[in-house]
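Novice:
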Amino acid sequence: MTQAKIRHALPVTREEDFAQWYQAVISEAELAEESGVRGCMVIKPWGYGIWERIQKLMDARIKEAGVENCYFPLFIPLSYFAKEADHVEGFAKEMAVVTHHRLIADGKGGLIPDPEAKLEEPLVVRPTSETVIGAAMARWIQSWRDLPLLTNQWANVVRWEMRTRMFLRTSEFLWQEGHTAHADEADAMVETLRALEMYRSFAEDVLAMPVIAGPKPENERFPGAVETFSIEAMMQDGKALQAGTSHYLGTTFAEAAGIRYQDKEGQQTLAHTTSWGVSTRMIGGVIMTHGDDDGLRTPPQVAPQQIVILPMLRDNDEDEALLTYCDALRKELASLSVFDERVRVLLDKRPGKATQKRWAWVKKGVPLILEIGGRDAAGGQVSVVRRDRLWREDGKVNFVGQPREAFVAAAVGELEAVQSALHAEATARRDAQIETGVSDLAGLAAYFAEDRRFPGWVQLGWSRPTGPALDAVVEQLKALKLTIRNTPLNAPAPGGTCPFTGEPAVETILIARSY
RNA sequence: CGGGGAGUAGCGCAGCCUGGUAGCGCAUCUGCUUUGGGAGCAGAGGGUCGCAAGUUCGAAUCUUGUCUCCCCGACCA
305 MTQAKIRHAL PVTREEDFAQ WYQAVISEAE LAEESGVRGC MVIKPWGYGI
355 WERIQKLMDA RIKEAGVENC YFPLFIPLSY FAKEADHVEG FAKEMAVVTH
405 HRLIADGKGG LIPDPEAKLE EPLVVRPTSE TVIGAAMARW IQSWRDLPLL
455 TNQWANVVRW EMRTRMFLRT SEFLWQEGHT AHADEADAMV ETLRALEMYR
505 SFAEDVLAMP VIAGPKPENE RFPGAVETFS IEAMMQDGKA LQAGTSHYLG
555 TTFAEAAGIR YQDKEGQQTL AHTTSWGVST RMIGGVIMTH GDDDGLRTPP
605 QVAPQQIVIL PMLRDNDEDE ALLTYCDALR KELASLSVFD ERVRVLLDKR
655 PGKATQKRWA WVKKGVPLIL EIGGRDAAGG QVSVVRRDRL WREDGKVNFV
705 GQPREAFVAA AVGELEAVQS ALHAEATARR DAQIETGVSD LAGLAAYFAE
755 DRRFPGWVQL GWSRPTGPAL DAVVEQLKAL KLTIRNTPLN APAPGGTCPF
805 TGEPAVETIL IARSY
């Protein structure tokens with residue numbers, strides 16, 4: 305009943321149409337927009353600001369692990385790329401290829417690649433950099449003393465995707481890719497799992513996005529990897545989103561690129577490599593984890609602005625005193641620290657009614673919004689709404705008036721509270737939607753029945769088939785539009801039998817629809 | 001890449017079938033009134049109808065091609 309009175313900020317709700325809602329958040333929160341180039345997007349200041357926050361906090365964690373940043377070329381010689389067969393097979397179908405280095409007039413007012421300027425060897429636009437970094441590693445590594453070699457780069461990559469969705473799957477996207485080389489499997493696996501744990505804790509602590517970390521089944525491995533691990537997040541429509549991956553590459557790329565070192569016995573030995581990455585896809589995860597029918601709710605740790613102050617300007621001579629009051633408040637708040645950084649606070653002085661400008665910030669998901677009028681200024685008050693508690697029971701916006709000193713004293717705690725509330729809400733939703741009671745195929749089909757709104761995930765035990773037996777399982781799942789996400793680390797040992805093979809279950813897996 | 005849908009003002013849409021040089025709502029601008037919680041009234045500005053060819057005296061409208069977006073599928077670190 306109270307619901308009916310609420311006039312939400314978005315034109316479509318999650319319940320009405322989740323896919324359209326997702327796009328509405330992106331455009332209404334001004335995260336990104338169409339670029340006119342297929343599958344590529346313009347990332348706008350608020351969206352890019354979130355990415356910059358992710359970069360800053362992730363980069364610190366990467367460096368803390370002793371990994372150094374480098375930059376490798378956007379263009380990869382075709383011959384480099386062709387060196388690893390599985391890798392080629394995995395990416396060949398989605399490559400952008402540069403074949404010419406000059407344009408000439410076509411005689412009809414347009415331009416065409418100059419046939420005279422064809423490249424001797426085509427260059428591929430990197431879809432990932434294992435091959436080119438492998439070539440560098442081969443040059444950089446001679447001795448066991450050169451290991452481990454720990455590098456990372458922040459870059460854009462291109463994959464010519466058939467079907468794109470903003471942030472989730474774009475032809476060009478931004479990411480970091482860590483690449484490391486180690487003396488042996490044990491050392492490389494430690495690094496692979498370190499990166500995985502780094503992503504897990506980052507998603508939970510920084511993005512307030514609960515995830516489940518674990519190894520992927522062999523059919524879901526990265527092309528060329530021996531083992532692939534992922535963090536999987538549950539979106540509000542119940543689908544799984546792979547939000548980060550970490551790969552143990554064995555000696556696959558070491559063989560292809562010739563990454564060898566002289567070991568302590570003087571023998572030439574292949575290095576073991578890893579790679580791991582997270583991308584702008586994480587922003588899609590934040591949207592579908594924390595967004596509501598009024599737009600995004602940006603976790604305070606990644607919010608480009610954590611507090612926005614909206615003065616209720618009235619185009620009269622009281623405005624100046626009001627702005628003075630607001631600016632003093634802004635300075636006071638900006639001097640506070642939260643999450644080991646200064647509080648990010650913006651005084652929005654643009655002309656226009658505060659009540660009107662408010663909605664733009666609601667949609668962007670600023671954690672705390674302040675509206676301050678002349679009466680507040682005179683009485684030393686502020687009026688505050690928490691973005692994660694936007695509405696009152698009566699359907700009105702939940703602004704709470706309070707003394708300025710009290711708010712300033714509580715502001716840091718409020719930001720921390722928003723961060724943890726978002727995490728708690730998402731975790732509760734996720735946990736409530738993991739079904740552990742399914743033990744056969746009929747139960748699986750029933751759980752994911754077509755008419756069921758937003759099913760979650762099924763966790764069950766299976767016999768971990770490989771090869772053709774696994775292919776058969778994958779086919780069964782595909783018929784239900786399902787995929788195996790991963791084997792949760794620390795999952796309880798399963799009992800009973802595998803619903804696919806009838807053999808004893810040996811491992812616990814998560815099954816879900818996925819992005 | 002296959003099937004379906006769609007591109008007309010910043011956003012959302014109507015007009016298209018039955019060709020006659022463009023309209024509505026929101027937003028924007030101006031004025032007046034209002035003003036502590038998503039203001040009202042009046043007026044105004046803004047569009048080579050995605051792009052390109054074709055048919056026609058005349059094309060947003062018909063034909064063909066092409067680009068982009070959305071949905072479903074296939075594919076997918």
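For the first sequence, the residue numbers in this note's numbering are 305 to 819.
Every residue, glycine too, gets a C-beta built ideally from N, C-alpha and C.
If you're wondering where the values come from, they're calculated on a predicted model, not measured in any experiment.
Between GLN609 and VAL649, is the Cβ-Cβ spacing less than 8 Å?
Specialist: Contact: yes.
Novice: How many whole angstroms separate the CB atoms of SER475 and CYS344, which I take to be in contact at a CB cut-off of 8 Å?
Specialist: Indeed they touch by this definition, with Cβ atoms about 5 Å apart.
Novice: Please list, in chain order, all residues of the same chain as TRP799 whose beta carbon is under 8 Å from its beta carbon, the five residues on each side excluded.
Specialist: Residue 799 is actually Gly in this sequence, not Trp. Same-chain partners within the cutoff: GLY765 and ALA809.
Novice: Is LEU694 near ASP598, with beta carbons less than 8 Å apart?
Specialist: Cβ atoms of LEU694 and ASP598: closer than 8 Å.
Novice: Whole angstroms are fine: how far does the CA of ARG654 sit from the CA of ALA396?
Specialist: Whole-angstrom Cα-Cα distance: 50 Å.
Novice: Quick check on ASP680: buried or exposed, where buried means 16 or more other Cβ atoms within 10 Å of its Cβ?
Specialist: Buried, because 16 or more other Cβ atoms sit within 10 Å of the Cβ of ASP680.
Novice: Considering only residues of the same chain and omitting the five flanking positions on each side of SER641, which have a CB-CB separation below 8 Å?
Specialist: Correct list, in chain order: VAL647 and VAL716.
Novice: Below 8 Å on the Cβ atoms is my contact criterion, and I expect LEU637 with VAL688 to pass it. Report the Cβ-Cβ distance as a whole number of Å.
Specialist: The Cβ separation is near 11 Å, so there is no contact.
Novice: Could you tell me if HIS405 is buried or exposed, where buried requires 16 or more neighbouring beta carbons within 10 angstroms of its beta carbon?
Specialist: Under this definition HIS405 is an exposed residue.
Novice: How would you write the range of the beta strand (DSSP E) that ILE354 sits in, first residue to last?
Specialist: Unbroken run through ILE354 is the alpha helix (DSSP H), 349-368; no beta strand (DSSP E).
Novice: On the CB-based measure, 16 or more other CB atoms within 10 Å of its CB, does GLY414 come out buried or exposed?
Specialist: Its Cβ having fewer than 16 others within 10 Å, GLY414 is exposed.
Novice: Tell me the residue span of the beta strand (DSSP E) that contains TYR375.
Specialist: Element bounds for TYR375: n/a, residue is neither H nor E.
Novice: Skipping 5 residues on each side, what residues in its chain have a beta carbon closer than 6 Å to that of GLU319?
Specialist: No residues qualify anywhere along the chain.
Novice: When the Cα atoms are used, what is the spatial distance from ILE676 to ALA625?
Specialist: Each residue's alpha carbon lies about 12 Å from the other.
Novice: In whole angstroms, what separates the C-alpha of MET399 from that of PHE385?
Specialist: Approximately 11 Å between the Cα atoms of the pair.
Novice: By the three-class DSSP mapping on this structure, what secondary structure does GLN324 have?
Specialist: Note: GLN324 maps to helix in three-state DSSP.
Novice: Alpha helix (DSSP H) containing ARG443: first to last residue?
Specialist: First-last of the alpha helix (DSSP H) with ARG443: 434-444.
Novice: According to the Cβ coordinates, are LEU545 and ALA517 closer than 8 Å?
Specialist: Their beta carbons are not under 8 Å apart, which means LEU545 does not touch ALA517 by this criterion.
Novice: In chain order, what residues of the same chain have a beta carbon less than 8 Å from the beta carbon of LYS661, not counting five sequence neighbours either side?
Specialist: The answer, listed in chain order, is LEU614, ASP652 and ARG654.
Novice: Expressed to the nearest angstrom, what Euclidean distance is found between the alpha-carbon atoms of LEU672 and GLU718?
Specialist: So the two alpha carbons sit approximately 8 Å from each other.
Novice: So, do the region 737-746 and the region 485-502 have three or more beta carbon pairs nearer to each other than 8 Å?
Specialist: In short, these stretches do not touch, since the Cβ pair count stays below three.
Novice: Taking C-beta to C-beta, are MET539 and MET592 nearer than 8 Å?
Specialist: Yes, the pair counts as a contact, with Cβ atoms nearer than the cut-off.
Novice: If you follow the beta strand (DSSP E) that TRP695 is part of, which residue opens it and which one closes it?
Specialist: TRP695 -> no beta strand (DSSP E), and no H or E assigned at all.
Novice: Suppose you measure from the CA of VAL436 to the CA of TYR819; what does that come to, to the nearest Å?
Specialist: Whole-angstrom Cα-Cα distance: 29 Å.
Novice: Are the beta-carbon atoms belonging to ASP450 and TYR552 less than 8 Å from one another?
Specialist: Their beta carbons are not under 8 Å apart, which means ASP450 does not touch TYR552 by this criterion.
Novice: For LEU511, does the three-state DSSP call read helix, strand or coil?
Specialist: In this structure, LEU511 counts as coil in the three-state DSSP scheme.
Novice: Ignore the nearest five residues each way along the sequence and tell me which others in GLY351's own chain have a CB closer than 7 Å to its CB.
Specialist: Excluding positions up to five away in sequence, the list reads LEU335, ALA336 and ILE587.
Novice: Let me know the alpha helix (DSSP H) ranges lying completely inside the region 750-790, each 4 residues or longer, listed in chain order.
Specialist: The qualifying runs are 771-783.
Novice: What does DSSP give as the partner residue(s) for ASN460 in the beta ladder?
Specialist: The partner list for ASN460 (beta bridge, DSSP) reads LEU478.
Novice: Just verifying my parser: in three-state terms, what is the DSSP assignment at ILE587?
Specialist: Residue state, collapsed to three classes: helix.
Novice: Can the beta-carbon of PHE557 be found closer than 8 Å to that of GLU388?
Specialist: For PHE557 and GLU388, yes; Cβs fall inside 8 Å.
Novice: Answer yes or no: do GLY589 and ALA529 have a C-beta to C-beta separation smaller than 8 Å?
Specialist: No, the Cβ-Cβ distance between GLY589 and ALA529 is not below 8 Å.
Novice: Run the CB neighbour count on LEU600, radius 10 Å, all protein chains shown included, and call it buried at 16 or more, exposed below.
Specialist: When all chains shown are included, LEU600 counts as buried.
Novice: From GLN480, PRO419 and VAL401, pick the residue whose C-alpha is nearest to that of PHE376; which is it?
Specialist: Taking only the C-alpha atoms, the option nearest PHE376 is GLN480.
Novice: Could you tell me the distance, in whole angstroms, from the CA atom of LYS782 to the CA atom of VAL329?
Specialist: Each residue's Cα considered, the two are about 30 Å apart.
Novice: What are the start and end residues of each continuous alpha helix (DSSP H) run of 4 or more residues lying completely inside the region 643-683, in chain order?
Specialist: The qualifying runs are 658-668 and 678-683.
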